[in-house]
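Have a look at the structure below before the remarks.
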Amino acid sequence: RLKTENRFVYIFAHIYPDGDAIGAALALREYLKSNGVGAEYVVTDTIVKYKGLVDKIYPVKKVKKNSIAVILDTPTKARINGENLISNGVIKKEDIYVLDHHQVEGDERSIENELGIPMSNLIRRPDESSTCEILLHEFMKEEINTQVANMLTLGLLTDTGKLRYLEPN
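Position 47, counted from 1, in the sequence shown is what the working numbering calls 494; the numbers after and before it change by one each time, with no gaps.
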């Protein structure tokens with residue numbers, strides 16, 4: 448649907464991004480691009496973490512109208528890197544999607560309630576180790592390329608303490 452409607456996707460994650468936020472955002476960006484959908488990872492400052500694995504990620508200053516926003520690994524609105532780009536009304540609430548593995552405390556403090564997005568636009572799985580694990584389960588329906596797999600691995604390794612804190616599932 449994104450391809451036929453020629454819609455662009457902006458991918459957001461949390462401020463001070465860790466390997467799960469960066470890995471999930473870059474994996475989703477690469478997955479969308481490899482499927483013919485324009486996508487960009489939104490950050491407010493240049494990111495140079497994980498040299499050798501991740502190229503520099505440059506700031507995005509504004510988003511286009513009629514775009515889609517996907518927010519990854521971010522439980523509350525205040526933690527969104529680039530939150531002002533979503534709150535300015537350029538992206539409609541029904542075009543915002545959230546994928547997160549954090550448990551939220553109280554409905555009013557959840558990003559989905561703070562932004563007023565439809566519950567159908569939310570995937571929250573606190574039983575999963577990371578947002579990269581959520582994406583991995585979603586991507587398992589199709590074949591992914593090496594770059595997507597590498598970025599998912601980055602997130603899995605960082606949010607599980609290099610696989611030391613894995614759950615049996």
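Ideal Cβ positions, reconstructed from N, Cα and C, are used throughout, including at glycine.
Between Lys509 and the set Ala525, Leu604 and Leu532, the nearest pair of CA atoms involves Leu532. Of Gly483, Lys503, Gly485 and Ser534, the smallest CA-CA separation from Asp492 is found for Lys503.
Counting only runs of at least 3 residues, the region 526-550 fully encloses the following beta strand (DSSP E) elements, listed from N- to C-terminal order: 543-547. For Arg476, there is no enclosing beta strand (DSSP E); the enclosing alpha helix (DSSP H) covers residues Gly466 to Ser481. Beta-bridge annotation (DSSP): Phe459 is paired with Ile518.
Residue pairing from DSSP places Tyr488 in a beta bridge opposite Ile458. In this structure, the alpha-carbon of Tyr488 lies about 26 Å from that of Leu610. Judged by beta-carbon spacing, Leu546 lies beyond the 8 Å limit of Ala472, meaning their Cβ atoms are not closer than that value. For Leu569, the uninterrupted beta strand (DSSP E) segment begins and ends at Leu569 to Arg571. As DSSP reads the structure, Ile558 sits in no beta bridge.
For Ile581, the secondary structure class from DSSP, reduced to helix, strand or coil, is helix. In this structure Ile564 is in contact with Ile543, their Cβ atoms being roughly 5 Å apart against a cut-off of 8 Å.
Inclusion of Cys579 and Ala474 in the CB contact set at 8 Å is warranted, their separation being smaller than that value.
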